[in-house]
Structure formats: C-alpha cells, structure tokens
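Below is one structure, written out as structure tokens; comments come after it.
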Amino acid sequence: MLEIPVTARVPEAREMDHRPDIEELLLKRKRALIVEGYKLTPYNNPKIPYRFQAEININNSRLWDLITELATLLPPEIVLEYSLDNEATYATEQVSRTGVLQTLSRFERELTQDCTLAFTLASHTAQGLTEIIITSSKYIRFSGNDTNPFSAIMKNFSLREIPALAFIDEYPQIVEPLKKFIPSSRRPEDVIWSLNRAFNIES
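Letter by letter, the sequence shown follows residues 28 to 230 of this note's numbering.
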C-alpha cells in the first residue's frame, strides 16, 4: 500500500453521508492499485509539445528526492507555478532551476505533505515542453520528450510501469491541516506568502 501524506485519509462512510454511493466507492478504493509505480501515455501528435506523459505514485517520504531527481531533466532556466487549494495560481518569470529548488527546499515538509498546496516546474522551448506537476494529492504528473532518461530515473527509484495504476484523488478523501500533525509546520497561506516574496510576485 502506498504511503500517502499524513494530511490525507480515507473517509468513513458516515463522514460522506451526502454521497449515497460512498460505500461502493470505498470498496473500489480498497481494490484499486494505489501503490508505488507509474503509468505512461505516449503521444505522437506533432501539435502536442511533448511525446509522453507519466503519472507517478511514490511513498510520501521519498517524494522530495524524486522531485529533485526529475528536475535534472529540466534546463537551467525554468518557470515555477504554485497554488493553494487550486485557487489563484502564481507564476515566476524564467528563473534559475537551482535557485528555485534551493528556495523550495525551505518548504519541503509543507510542499510534500500539505494537501492544499500544489506546484509545477516547467520549461517550454522550441524543443518541446518538459513539466513536473506535483499535485495537491502529492503524486507527480510528468510531461517530456525523451523516455530514456525518465525511465532511468524510474529504475533508480525502483518504480515500475503499471498500466492499471490508480491515484488517491480518484476516490473520496478527507484533507486535514498539516499543523494538526506537525505543530511546527507553516500554514499554507504563509508558504504562499513566502514564495511570493522570494520571487517578487504580488499577491
């Protein structure tokens, strides 16, 4: 079973009494392949700026390590996007990949465990789009053009391709504040404020 963020949990049926299908959904979730691995979809349409997309599950304690490793597939200059509760999205100009990762590392705990925060590292050039999306549910969506270095990273992390892989946000879940579990953690609003300040973005 996948190690999910501490802030996300499976609801009990009584907590979702507004959904008459909740027991059926919870049963399906028990049977779903929510495990470590990845699902890969190739694209051959020249109008699409990437040749494949992958969705990746990894144990939450290993998420940051995988993010930083996948980031090596990005060029030196990238764009960072981030959001709270899928509301307003903030985006930087082209900035140093190294600088972005150094700044984000200050908020590693919140960015990998707080299920109200999401962020994206991206580069869109004439050669195509490379994009790493860390969803609020803390799995990764990756878009790229060369499967070889991507597959090498998956192998290094012992992640195998699973076509029937499932993800936690396909089913009902309860999201709770990170401070409930880690009192010393930052509030998500403070993380957004700090990132805006670090990248000179008006909120």
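C-beta atoms are modelled at their ideal positions from N, C-alpha and C, and glycine is treated no differently.
Please state the DSSP three-state secondary structure of residue i.
| i | result |
| --- | --- |
| residue 218 | helix |
| residue 68 | strand |
| residue 36 | strand |
| residue 97 | helix |
| residue 88 | helix |
Determine the burial state of residue i: buried for a count of at least 16 other Cβ atoms within 10 Å of its Cβ, exposed for fewer.
| i | result |
| --- | --- |
| residue 54 | exposed |
| residue 208 | exposed |
| residue 140 | buried |
| residue 61 | buried |
| residue 137 | buried |
Quick check: the Cα distance between residue i and residue j, rounded to an integer number of angstroms?
| i | j | result |
| --- | --- | --- |
| residue 200 | residue 39 | 9 Å |
| residue 133 | residue 166 | 20 Å |
| residue 188 | residue 221 | 37 Å |
| residue 25 | residue 161 | The requested residue 25 is not part of the displayed model; the chain covers only 28 to 230. |
| residue 159 | residue 109 | 12 Å |
| residue 172 | residue 84 | 20 Å |
| residue 28 | residue 36 | 13 Å |
| residue 227 | residue 102 | 22 Å |
| residue 52 | residue 198 | 7 Å |
| residue 194 | residue 122 | 31 Å |
| residue 117 | residue 97 | 22 Å |
Which whole-angstrom value describes the C-beta separation of residue i and residue j, a residue pair presumed to lie in contact below a C-beta threshold of 8 Å?
| i | j | result |
| --- | --- | --- |
| residue 204 | residue 95 | Wrong, their Cβ atoms sit about 26 Å apart, outside the cutoff. |
I want to check one thing, is the minimum distance from the CB of residue i to the heavy atoms of the ligand NAP below 6 Å?
| i | result |
| --- | --- |
| residue 61 | For the ligand NAP, the structure offers nothing, since it holds no ligand at all. |
- Message: Suppose only complete runs of 3+ residues qualify. What are the beta strand (DSSP E) ranges in the stretch 125–189, listed by chain order?
- Response: Correct list: 144–152, 155–161, 167–171.
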